[in-house]
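Each residue of the sequence shown is one higher than the one before, starting from 614 at the first, in this note's numbering.
From the three backbone atoms N, C-alpha and C, an ideal C-beta is built for every residue, glycine too.
On a predicted model such as this, the values are computed, not experimentally measured, just so you know.
Reviewing the structure listed below.
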Amino acid sequence: MALALALSHSTVASTQSASQRAQPTMPEFEVASVRPSGPSQREMNGLYTYPGGKVRCNGCTFEYLIMSAFDVQQFQVSDGPAWMDLVSGDPFDIEAKPPESSSSARSNPASPKSAPNEEQCQMLQALLADRFPMMFHREDKKGPVYILSRGTGELKLLPPKDNKAFPWAGGITGGWFGGGIRGQNISMPQLAMRLSRFLKRPVLDQTGVMGSFDFEYPVGGDDNDADIQTFLLTSMKGIGLALKLGEGQVETIVIDHAEKPSAT
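Structure, rendered in structure tokens:
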């Protein structure tokens, strides 16, 4: 398979030159199929991992695949063709299996919804570079971030009722954020990543709190979506944590080139 190319970002000339230099060999899937989703595919952006390292994507747009492969949020992906858009872009179905010699072939995720491991992410990067064929570069810029830390109040995090449950945080009634906020079997780094999706900025975990937890903070009413930022700042305080604005490095994946794959 072709490999993703990391490009420099000093001048146009150096960028074009750097685009010809391949990165060290990355792990690759042994078998993979990539097809445009058919009309019967009702699911959107569903990515699943299974024992033995198999990865399946149902109705996944190219932007969502990039987010999954590089473990970034939408605000960390820029440029690229219109057909890759997270919501309105063209969806694809993917089934991929790693070689038996890979560590992922011995993986046993707790849930099909578990995120790809580091090796699987690298395999997805190689797959995107080969089948789509993609060229990209990374940019690190200093910008606004949120910092998740210990608050001044009592820490209201409980041991998980089920330590094999899928790590999750959201509204008490299941959405964002009807009736308050609730978490299950979630670690602080995972919570920070989850929060960044809705705050549209990186959230850095500086809590120093280790392990996974359950928590719940009811606030009454069912409609708390009007001001997510204010709601989350208040909710974190309610469980003994704090969110505050800060400054940090924000990594961006810049898509220089991508093409729609043929059905293979």
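Have a look at the DSSP bridge pairing and note the partners of residue i.
i, result
"Glu752", "Thr865"
"Glu860", "Pro757"
"Glu708", "Ser646, Arg669"
"Trp781", "Gln797"
Count the other CB atoms within 10 Å of the CB of residue i; is the residue buried (16 or more) or exposed (fewer)?
i, result
"Asp753", "exposed"
"Met823", "exposed"
"Ser691", "exposed"
"Ser630", "Note that Ser630 has pLDDT 35, beneath the 50 cutoff, so the model's placement of it is unreliable and no number is given."
"Thr638", "exposed"
"Gln738", "buried"
"Ser646", "exposed"
"Ala709", "buried"
"Pro729", "buried"
May I ask you to report which of helix, strand or coil DSSP gives residue i?
i, result
"Leu660", "strand"
"Asp684", "coil"
"Arg810", "helix"
"Ser630", "Residue placement at Ser630 is flagged as unreliable, the pLDDT there being 35, under the threshold of 50; the coordinate-derived value follows with that caveat. Looking at Ser630 - three-state DSSP - the assignment turns out to be helix."
"Phe745", "coil"
"Thr786", "coil"
"Ala855", "strand"
"Thr843", "helix"
"Met614", "Summary for Met614: the model assigns pLDDT 41, below 50, so the residue's position carries little reliability; its value from the coordinates is reported in the next sentence. Coil at Met614, not helix or strand."
"Ser716", "helix"
Near residue i, what residues of its chain come up, given a Cβ to Cβ distance below 8 Å and the 5 sequence neighbours on each side ignored?
i, result
"Ala626", "At Ala626 the pLDDT is 34, less than 50, meaning the model places this residue with poor confidence and gives no usable figure here."
"Glu676", "Gln687, Val690, Gly693, Met697, Asp698, Leu699, Gly702"
Ordered along the chain, which non-local residues of its own chain (more than five positions away) have a Cβ less than 6 Å from that of residue i?
i, result
"Met747", "Leu741, Ala871"
"Ile760", "Leu817, Gln819, Lys857, Gly859"
"Gly756", "Val863"
Whose C-beta lies closer than 7 Å to the C-beta of residue i among residues of the same chain, with five residues either side of it excluded?
i, result
"Ile799", "Pro780, Trp781, Ala782, Ser825, Phe826"
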